[in-house]
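Engineer:
Residue numbers (the working numbering), protein chains in the order written: chain A, 13 to 414; chain B, 3 to 214.
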């Protein structure tokens, strides 16, 4: 343990951990004192936009490679070594493509929709603690702000669908709205257990609460029965929220072309693509902040690795799981989607609130673990069994199309 | 159990993912410009003209009979018959094409020209990856571009080509035997009459067409 203690207080680790913070302070020192808060905010925002846009490029490559390997293909391997320059080629392609706007489209709204989507998806990062002392805004209502901003993405999606004047766009947008509103309920309810436990809406204090260790084990909320259930529910809802497979009904190619962005081409299409991925990273980052201890290391002896590295390792792990799931599960049907949200996820999240409350008021011990685990597992099994048994398969009779 | 199917599916995809890095057999994709699968006997793209020997111009089997031009459903073949004739490899004077063009932007690869050709002159090529910067002139192939050797034909359609070669050889042998028999009969006749006959040597006919 002495070795671990030594390593965690190694002289090099501290400056390396704070290198971006120090860099920010140093650069901001050049501007007059009155403009310093603004300069710092602009600098941090620029760093976030650049960093996550780069991550977007890497993830599109990772996704295409990963899906390829899952389907026993090579994936992109033509542009650059291992196809690593593929995102650049894609970017150049989308920039040089013709930008087509339907003649009957509402031009202003049609133009604003992708801009708003990207802006809204980037705004969520303001409250995400990417590393120790690395948060743009420590709002005392950070979690609330995050969910408020992420619901702006729904508006952008509907703007795109409505302004395109295409039936496919509109159908896709309506599906997206129905899905996103339905899954926002379990998404928020699943994260409320954390707020109950921490007693604060600030993302920084949520991470600070999880940054401690018992022995070598971290105090992440995912390692409690209600936290684990909350994490799984949150991730399912987040998948649906970001319109990813198996919840990609709004852009189901086989049914409605590309959903709400059918009528977009060229760079606007790329912006939708970007916005969707940035939104996915943001919700994944929120899941990390809420359940996986944010930037904190998974073991006490690994704290010498800079905090932002841990954040991005966790983020890439979650993204890999997203890709894995996308390569595995087929698309849900509309009724299955809605049933999952309202009949399974909602009761489970409400029950999880009760479990978390019980955990909070019971004394520390094995009994607490036993009761709370039972309260999570048994309802889950009973609910899914019950929902399965209620299904009756019968021959459908058509009244008008015989 | 709840979620059993999902877990089974996830294991399967994970096995594919890691397996594709371990076993090369899983990756069935042919890396096209570098690697190519061998082409099957019956592959076909567009027609080409077969020539015998080393000279593409002189050895062309085509006799400009125009059957393929008339039979071609989309009318993509256009042939101009040369005004003169030339000797083929059996020593018979045959017409030949002054120009032979196929517009492959029109050709539908139906192989009817190959079916009707009585001289085994037009055959189907297997080259499928071709492109041109000029969509009119670049896709109109002339006689020079169409002419490919019998060896090439043997390489792309080995079974079919060897059958054709055998048939042609038999026909040539038959023709030669006939010619020899005729010559012998003539010689016998000459010997019988004992009257010398001066045979005019066949005039070498000039080979027309573009001298490419």
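The beta carbon of each residue, even a glycine, is placed where N, CA and C say it ideally should be. Note that this is a predicted model, so its numbers are computed, not measured.
If you measure from the beta carbon of residue 19 of chain A to each beta carbon in chain B, is any gap under 8 Å?
Structural biologist: By 1-based counting over the first chain, the position of residue 19 of chain A is 7. Because residue 19 of chain A sits at a pLDDT of 41, beneath the cut-off of 50, its placement in the model cannot be relied upon, and the following sentence gives the value as read from the coordinates. Cβ-Cβ to chain B under 8 Å: no for residue 19 of chain A.
Engineer: Excluding five sequence neighbours on each side, which residues of the same chain lie with their C-beta closer than 6 Å to the C-beta of residue 142 of chain A?
Structural biologist: By one-based count along the first chain, residue 142 of chain A stands at place 130. The answer, listed in chain order, is 320, 323.
Engineer: Hey, is residue 19 of chain B's beta-carbon within less than 8 Å of any beta-carbon in chain A?
Structural biologist: Translated into positions along the second chain, residue 19 of chain B becomes position 17. Yes, residue 19 of chain B counts as interfacial toward chain A.
Engineer: With a threshold of 8 Å between beta carbons, is residue 143 of chain B in contact with chain A?
Structural biologist: Your numbering for residue 143 of chain B matches position 141 in the second chain. Answer no: the Cβ-Cβ gap between residue 143 of chain B and chain A never drops below 8 Å.
Engineer: Got a sec? Which residues, its chain only, sit under 7 Å from residue 157 of chain B by beta carbon, not counting five neighbours each side?
Structural biologist: As a first step, residue 157 of chain B must be located in the second chain, where it is residue number 155. Cβ within range, chain order: n/a, list empty.
Engineer: My output table needs one value for residue 105 of chain B: the three-state DSSP class, helix, strand or coil.
Structural biologist: Stepping through the second chain from its first residue, residue 105 of chain B is reached at position 103. In this structure, residue 105 of chain B counts as strand in the three-state DSSP scheme.
Engineer: Measuring only the C-alpha atoms, how far is residue 102 of chain B from residue 78 of chain B?
Structural biologist: Taking the first residue of the second chain as 1, we reach residue 102 of chain B at position 100. Taking the first residue of the second chain as 1, we reach residue 78 of chain B at position 76. Answer to the nearest angstrom: the Cα atoms are 11 Å apart.
Engineer: What does residue 60 of chain B reach in chain A if we use C-beta pairs closer than 9 Å?
Structural biologist: Taking the first residue of the second chain as 1, we reach residue 60 of chain B at position 58. Those do not exist, as residue 60 of chain B stays about 44 Å from chain A at its closest Cβ, beyond 9 Å.
Engineer: So is residue 83 of chain A buried or exposed if we call it buried at 16+ other beta carbons inside 10 Å?
Structural biologist: Numbered from 1 along the first chain, position 71 holds the residue referred to as residue 83 of chain A. Flag for residue 83 of chain A reads exposed.
Engineer: Candidates A:53, A:349, A:286, A:213: which alpha carbon is nearest residue 151 of chain A's?
Structural biologist: Position 139 of the first chain holds residue 151 of chain A. Among A:53, A:349, A:286, A:213, the Cα nearest to that of residue 151 of chain A is on A:213.
Engineer: Helix, strand or coil: which one does DSSP assign to residue 143 of chain A?
Structural biologist: Taking the first residue of the first chain as 1, we reach residue 143 of chain A at position 131. Three-state DSSP puts residue 143 of chain A in a strand.
Engineer: In or out: residue 404 of chain A buried (at least 16 other Cβ within 10 Å) or exposed?
Structural biologist: Taking the first residue of the first chain as position 1, residue 404 of chain A is located at position 392. Exposed is the call here.
Engineer: Would you tell me roughly how many angstroms separate the C-alpha atoms of residue 67 of chain B and residue 170 of chain B, rounded to the nearest one?
Structural biologist: In the second chain, residue 67 of chain B corresponds to position 65, counting from 1. In the second chain, residue 170 of chain B corresponds to position 168, counting from 1. Rounded to whole angstroms, residue 67 of chain B to residue 170 of chain B spans 18 Å at the Cα level.
Engineer: Taking Cβ positions only, does residue 340 of chain A come closer than 8 Å to chain B?
Structural biologist: Within the first chain, residue 340 of chain A is the residue found at index 328, counting from 1. Yes, residue 340 of chain A counts as interfacial toward chain B.
Engineer: Just how far apart, CA to CA, sit residue 128 of chain A and residue 149 of chain A?
Structural biologist: If you number the first chain from 1, residue 128 of chain A lands on position 116. If you number the first chain from 1, residue 149 of chain A lands on position 137. So the alpha carbons of these two residues sit roughly 21 Å apart.
Engineer: So with CB distances below 7 Å, who are the chain A contacts of residue 22 of chain B?
Structural biologist: On the second chain, residue 22 of chain B is found 20 positions in, with the first residue counted as 1. Near residue 22 of chain B (Cβ distances below 7 Å), the residues of chain A are 81, 84.
Engineer: Go to residue 145 of chain B, then tell me how far its alpha helix (DSSP H) extends in each direction, as first and last residue.
Structural biologist: To locate residue 145 of chain B, count along the second chain from 1; it is residue 143. Unbroken alpha helix (DSSP H) run through residue 145 of chain B: 145-148.
Engineer: In the segment 375-401 of chain A, which residue ranges form an unbroken beta strand (DSSP E) of at least 3 residues, counting only runs that do not cross its ends?
Structural biologist: List check, beta strand (DSSP E) in window: nothing returned.
Engineer: Could you spell out the range, first to last residue, of the alpha helix (DSSP H) harbouring residue 155 of chain B?
Structural biologist: By one-based count along the second chain, residue 155 of chain B stands at place 153. It spans 152-158 - the alpha helix (DSSP H) in which residue 155 of chain B sits, taken as one unbroken run.
Engineer: Quick one: grab the DSSP three-state call for residue 409 of chain A.
Structural biologist: Counting from one through the first chain, the residue named residue 409 of chain A turns up at place 397. Residue 409 of chain A: coil per DSSP, three-state reduction.
Engineer: For residue 28 of chain B, decide whether its Cβ has a neighbour in chain A, counting only Cβ atoms nearer than 8 Å.
Structural biologist: Counting from 1 along the second chain, the entry for residue 28 of chain B is found at position 26. True, the Cβ-Cβ gap to chain A drops below 8 Å.
Engineer: By DSSP's criteria, residue 337 of chain A is part of a beta bridge. Which residues make up the other side?
Structural biologist: What you label residue 337 of chain A is simply residue 325 of the first chain in a count that begins at 1. According to DSSP, which records beta bridges pairwise, residue 337 of chain A is partnered with nothing at all.
Engineer: Using 8 Å as the limit for Cβ to Cβ distance, is residue 149 of chain B near chain A?
Structural biologist: Locating residue 149 of chain B in the second chain gives position 147, counting from the first residue. It does not: the Cβ of residue 149 of chain B has no partner Cβ on chain A nearer than 8 Å.
Engineer: What does the Cβ neighbour count give for residue 131 of chain B, buried or exposed, with the cut at 16 atoms within 10 Å?
Structural biologist: Position 129 of the second chain holds residue 131 of chain B. Classification of residue 131 of chain B: exposed, given that the 10 Å Cβ count is below 16.
Engineer: Interface residues of chain A around residue 11 of chain B at Cβ under 7 Å?
Structural biologist: Taking the first residue of the second chain as position 1, residue 11 of chain B is located at position 9. Ordered by position in chain A, the residues that pass the 7 Å Cβ test against residue 11 of chain B are 340, 341.
Engineer: Leaving out five residues on either side along the sequence, give the residues of the same chain with a beta carbon under 8 Å from the beta carbon of residue 46 of chain B.
Structural biologist: Position 44 of the second chain, counting from 1, holds the residue named residue 46 of chain B. Excluding residues within five positions, the ones whose Cβ falls inside 8 Å are 111, 113, 126, 127, 128.
Engineer: Could you confirm whether any beta carbon from chain B is found closer than 8 Å to the beta carbon of residue 242 of chain A?
Structural biologist: For the purposes of this step, residue 242 of chain A is taken as residue 230 along the first chain, with counting starting at 1. Not an interface residue.
Engineer: Rounded to whole angstroms, what is the Cα-Cα separation between residue 7 of chain A and residue 36 of chain B?
Structural biologist: In the structure as shown, chain A begins at 13 and stops at 414. Residue 7 of chain A is therefore absent and cannot be evaluated.
Engineer: Identify whether residue 326 of chain A lies in helix, strand or coil by the three-state DSSP scheme.
Structural biologist: For the purposes of this step, residue 326 of chain A is identified with residue 314 of the first chain, where counting begins at 1. Looking at residue 326 of chain A - three-state DSSP - the assignment turns out to be helix.
Engineer: Are there three or more Cβ pairs, one per stretch, closer than 8 Å when the segment 255-272 of chain A is compared with the segment 333-350 of chain A?
Structural biologist: As far as the Cβ criterion goes, the segment 255-272 of chain A touches the segment 333-350 of chain A, which means the pair count is three or higher.
Engineer: Quick check on residue 52 of chain B: does DSSP put it in helix, strand or coil?
Structural biologist: For the purposes of this step, residue 52 of chain B is taken as residue 50 along the second chain, with counting starting at 1. The answer is strand: DSSP assigns residue 52 of chain B an E or B state.
Engineer: Is residue 336 of chain A close to chain B, meaning its C-beta is less than 8 Å from at least one C-beta of that chain?
Structural biologist: Here residue 336 of chain A refers to the residue found at position 324 when the first chain is read from its first residue. At least one chain B Cβ lies under 8 Å of residue 336 of chain A.
Engineer: Tell me whether residue 118 of chain A sits in a helix, a strand or coil according to DSSP, three-state version.
Structural biologist: Taking the first chain and counting its residues from 1, the one referred to as residue 118 of chain A is at position 106. Residue state, collapsed to three classes: coil.
Engineer: Please check if any C-beta of chain A sits within less than 8 Å of the C-beta of residue 106 of chain B.
Structural biologist: To locate residue 106 of chain B, count along the second chain from 1; it is residue 104. Residue 106 of chain B does not count as touching chain A.
Engineer: List the DSSP bridge partners of residue 62 of chain B.
Structural biologist: Here residue 62 of chain B refers to the residue found at position 60 of the second chain. Looking at the DSSP assignment, residue 62 of chain B forms a beta bridge with B:53.
Engineer: Report the residue from B:75, B:185, B:151 whose alpha carbon sits nearest the alpha carbon of residue 118 of chain B.
Structural biologist: Within the second chain, the letter at position 116 stands for residue 118 of chain B. Here the closest residue by C-alpha is B:75.
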